[in-house]
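Participant: Pasting in a structure now, in structure tokens, and then I'll have a few things to ask.
There are 2 protein chains.
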Amino acid sequence: MSKREERRGERRAAILETASQFFMEQGFAGTTMSAVAAGLGGSKGTLWSYFSSKEDLFAACIEGKIEAFRAELVSVLDPGAPLRPAIEGFCRSFMAKIREPNSIALYRLLVGQSMRAPEAGRIFFERGPGVIEALLTAFLRGQVEAGRLRDEPPLEMAQVLISLCNGISHQRLLLGLAPDHAPYKPPAPKRITELFFRLYGVAEAT
Amino acid sequence: MSKREERRGERRAAILETASQFFMEQGFAGTTMSAVAAGLGGSKGTLWSYFSSKEDLFAACIEGKIEAFRAELVSVLDPGAPLRPAIEGFCRSFMAKIREPNSIALYRLLVGQSMRAPEAGRIFFERGPGVIEALLTAFLRGQVEAGRLRDEPPLEMAQVLISLCNGISHQRLLLGLAPDHAPYKPPAPKRITELFFRLYGVAEAT
DNA sequence: GCAATTCCGTACTATATAGTATCATTTTAT
DNA sequence: ATAAAATGATACTATATAGTACGGAATTGC
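Respectively, the protein sequence lines represent chains Z and W. Residues in the first sequence are numbered from 1 upward in steps of one, following my numbering. Residues in the second sequence are numbered from 1001 upward in steps of one, following my numbering.
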């Protein structure tokens, strides 16, 4: 790769990083191209030489954030591990991830723009939560077939577990409340795991 | 009330209705005051004689929608009824309500504006979901004390039930996906009730 | 009937911001 | 060294829209 192309890639990445920050913090309407250029230390002409419109820039930022989101969560499930710790580990990672300020901001952005840009929501779901759901379902299906979980639909199991992890804290965070806004105490991954096994565990082994 | 005041009230209500529709469908940034005035069949001057700014109008619309949301859901829980049908009825009403296009639109609006207008999110939660949660918790506490449910924290029970009702379908709807976007089949209230009793039911009676 | 409001319609101002044009300066390729 | 490409600074255009001003018409109170 020539030095020109290399620099071009770096510049593009820098633009995306700065713009993402603005979009996450100020939303789509609240972010101005001039502000992005200023925050970048660059000029508007450069901006338009990389992205042909504000919509373009926004789409590229979302794209990048989705990748980051998915990548961090996909690596969580280890089908080889013992069942109960695996479930608990999944809950812990998943809950930590969806509560990160970055994740909340991304989610807010997508929900808020889902009328203006409905495609973004679909893409996000299919590459993010959809992938997690599919992986978890496959994992649980294997456990059912191995007789370590009740013989009930794995997809339902996955969605129940994810719903419990999302819980109410996610809603509160999306609406901008403090995570422990009274009278709430977020449930521990251990507790969620216990409930999950009460629902779907087989009698003998755990 | 004089006829003047009466007409003034009607006009105000008409403005709120029209503006709400625009805000719900187009979002805050996507709604223009001129469009509201036009859709109203009125003029901009009148608009500003009722609300001193776009922000004011927006706040009033949200206020109204919150009331409608809460009112419809609060009447659901009947502490006197038999336990299992009561739970199932709650699930049915709650799920139907949160999936209404109106509720989705309101939720989107609040989440999308939770950076610009964080107060709105808090108010909504405290008057809407917060009230539901409190009522359900009180109801469940009574059942626990009557020995018809396991002796576990009623608040947790309530949040588990609500989480299961929200489930994944709510997320999909918020992101603008079809409610049955593959591979999803929304769970029935009956099924959720079954799971709930598997978690918290006492052995003998149901 | 008459006076006071209220409303509509329209034209207007002020402002913010997406996007363009220009030119000097720096960086890279040959 | 020199040409080509990219960058930065600045000024600019075009447009959308929040909010204002005002005159005439309708509605209401007395």
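Glycine included, C-beta positions come from ideal geometry on N, C-alpha and C. Just so we're clear, the structure is a prediction, and the values are computed from it rather than from any experiment.
#1: Are the CB atoms of residue 115 of chain Z and residue 1025 of chain W within a distance shorter than 9 Å?
#2: For residue 1106 of chain W, which residues in chain Z fall below 8 Å Cβ to Cβ?
#3: Using a Cβ-Cβ cut-off of 7 Å (strictly less than) and excluding sequence neighbours within five positions of residue 47 of chain Z, which residues of its own chain qualify?
#4: Please tell me whether residue 1003 of chain W has its Cβ less than 9 Å away from any Cβ of chain Z.
#5: Could you check what DSSP says for residue 77 of chain Z in three-state terms: helix, strand or coil?
#6: Which residues, in order along the stretch 131-152 of chain Z, keep a beta-carbon less than 9 Å from a beta-carbon of chain W?
#7: From the beta carbon of residue 1205 of chain W, is the nearest beta carbon of chain Z less than 9 Å away?
#8: Between residue 29 of chain Z and chain W, is the shortest Cβ-Cβ distance under 9 Å, so that the two count as touching?
#9: What are the boundary residues of the alpha helix (DSSP H) that residue 195 of chain Z is part of?
#10: Using a 10 Å radius around the Cβ and a threshold of 16 neighbouring Cβ atoms, would you call residue 103 of chain Z buried or exposed?
#11: With a cut-off of 9 Å, does the C-beta of residue 1113 of chain W fall near any C-beta of chain Z?
#12: Which residues in the same chain have their Cβ closer than 6 Å to the Cβ of residue 180 of chain Z, if we skip the five residues on either side of it in sequence?
#13: Below 8 Å between beta carbons is the criterion; list the residues of the stretch 60-76 of chain Z that meet it against any residue of chain W, in chain order.
#14: On the three-state DSSP scale, how would you describe residue 1136 of chain W?
#15: Could you list which residues in chain W have their beta carbon closer than 7 Å to that of residue 154 of chain Z, in chain order?
#16: If you compare alpha carbons, which of Z:147, Z:152 and Z:192 is closest to residue 168 of chain Z?
#17: Can you name the residues of chain W whose CB is closer than 8 Å to the CB of residue 94 of chain Z?
#18: Among residues of its own chain, excluding the 5 on either side of residue 152 of chain Z, which ones have a beta-carbon nearer than 7 Å to its beta-carbon?
#19: With 16 as the cutoff for other CB atoms within 10 Å, does residue 1160 of chain W come out buried or exposed?
#20: My assumption, with CB atoms under 8 Å, is that residue 22 of chain Z sits in contact with residue 39 of chain Z. Please give the rounded CB distance.
#21: Using three-state DSSP, classify residue 1164 of chain W as helix, strand or coil.
#22: At a CB distance below 8 Å, what residues from the stretch 1164-1181 of chain W approach chain Z? Give them in sequence order.
#23: Could you spell out the range, first to last residue, of the alpha helix (DSSP H) harbouring residue 1125 of chain W?
#24: Just curious, the alpha helix (DSSP H) that residue 1148 of chain W is in, first and last residue?
#25: Suppose you measure from the CA of residue 1196 of chain W to the CA of residue 1162 of chain W; what does that come to, to the nearest Å?
#26: Three-state secondary structure (DSSP) at residue 203 of chain Z?
Facilitator: Here's the rundown:
#1: For the purposes of this step, residue 1025 of chain W is identified with residue 25 of the second sequence, where counting begins at 1. For the purposes of this step, residue 115 of chain Z is identified with residue 115 of the first sequence, where counting begins at 1. Yes, Cβ-Cβ distance for residue 1025 of chain W and residue 115 of chain Z is below 9 Å.
#2: Working through the second sequence from its first residue, we reach residue 1106 of chain W at position 106. Here the premise fails: no neighbours, minimum Cβ distance about 11 Å.
#3: By 1-based counting over the first sequence, the position of residue 47 of chain Z is 47. Correct list, in chain order: 15, 33, 36 and 37.
#4: Locating residue 1003 of chain W in the second sequence gives position 3, where the first residue counts as 1. Chain Z contact via Cβ: absent.
#5: Indexing the first sequence from 1 puts residue 77 of chain Z at position 77. Note: residue 77 of chain Z maps to coil in three-state DSSP.
#6: Within the stretch 131-152 of chain Z, the residues whose Cβ lies closer than 9 Å to some Cβ of chain W are 133, 134 and 137, listed in chain order.
#7: For the purposes of this step, residue 1205 of chain W is taken as residue 205 along the second sequence, with counting starting at 1. Legend: pLDDT at residue 1205 of chain W = 49, less than 50; position of this residue unreliable, no value from coordinates given.
#8: For the purposes of this step, residue 29 of chain Z is taken as residue 29 along the first sequence, with counting starting at 1. Nearest CB-CB separation between residue 29 of chain Z and chain W: below the 9 Å threshold.
#9: Residue mapping note: residue 195 of chain Z aligns to position 195 of the first sequence, counting from 1. It spans 189-200 - the alpha helix (DSSP H) in which residue 195 of chain Z sits, taken as one unbroken run.
#10: Locating residue 103 of chain Z in the first sequence gives position 103, where the first residue counts as 1. Taking all protein chains in view, the Cβ of residue 103 of chain Z is crowded by 16 or more other Cβ atoms within 10 Å, so the residue is classified as buried.
#11: Here residue 1113 of chain W refers to the residue found at position 113 of the second sequence. The Cβ of residue 1113 of chain W sits closer than 9 Å to at least one Cβ of chain Z.
#12: As a position in the first sequence, residue 180 of chain Z is number 180, starting the count at 1. If we look at residue 180 of chain Z and ignore the five residues flanking it on each side, it has no Cβ neighbours.
#13: With the criterion set as a beta carbon lying under 8 Å from some beta carbon of chain W, the stretch 60-76 of chain Z has no members that meet it.
#14: One-based indexing of the second sequence puts residue 1136 of chain W at position 136. Three-state DSSP puts residue 1136 of chain W in a helix.
#15: The count along the first sequence starts at 1 and reaches residue 154 of chain Z at position 154. Around residue 154 of chain Z, no beta-carbon contact reaches into chain W at under 7 Å, the shortest distance being about 11 Å.
#16: Stepping through the first sequence from its first residue, residue 168 of chain Z is reached at position 168. Per the Cα distances, Z:192.
#17: Counting from one through the first sequence, the residue named residue 94 of chain Z turns up at place 94. Correct list: empty, because the minimum Cβ distance to chain W is about 13 Å.
#18: The residue labelled residue 152 of chain Z in the question sits at position 152 within the first sequence. The beta carbon of residue 152 of chain Z lies closer than 7 Å to those of 200 in the same chain, with the five residues before and after it left out.
#19: Counting from one through the second sequence, the residue named residue 1160 of chain W turns up at place 160. Answer is buried; the Cβ neighbour count reaches 16.
#20: Looking up residue 22 of chain Z in the first sequence gives position 22. Looking up residue 39 of chain Z in the first sequence gives position 39. That belief holds up - the Cβ atoms of residue 22 of chain Z and residue 39 of chain Z are roughly 7 Å apart, short of 8 Å.
#21: Along the second sequence, read from residue 1 onward, the residue named residue 1164 of chain W stands at position 164. Correct three-state label for residue 1164 of chain W: helix.
#22: Closer than 8 Å at the C-beta level to chain Z, one finds these residues of the stretch 1164-1181 of chain W: 1164, 1166, 1167, 1168, 1171, 1172, 1174, 1175, 1176, 1177 and 1181.
#23: Translated into the one-based positions of the second sequence, residue 1125 of chain W becomes position 125. Its alpha helix (DSSP H) spans residues 1118-1127.
#24: As a working mapping, residue 1148 of chain W is identified with position 148 in the second sequence. Per DSSP, residue 1148 of chain W belongs to no alpha helix (DSSP H) and is neither H nor E.
#25: For this step, residue 1196 of chain W is matched to residue 196 along the second sequence. For this step, residue 1162 of chain W is matched to residue 162 along the second sequence. Straight-line spacing of the CA atoms in residue 1196 of chain W and residue 1162 of chain W works out to 10 Å.
#26: As a first step, residue 203 of chain Z is located in the first sequence; it is residue number 203 there, counting from the start. In the displayed model, residue 203 of chain Z falls within coil according to three-state DSSP, outside both helix and strand.
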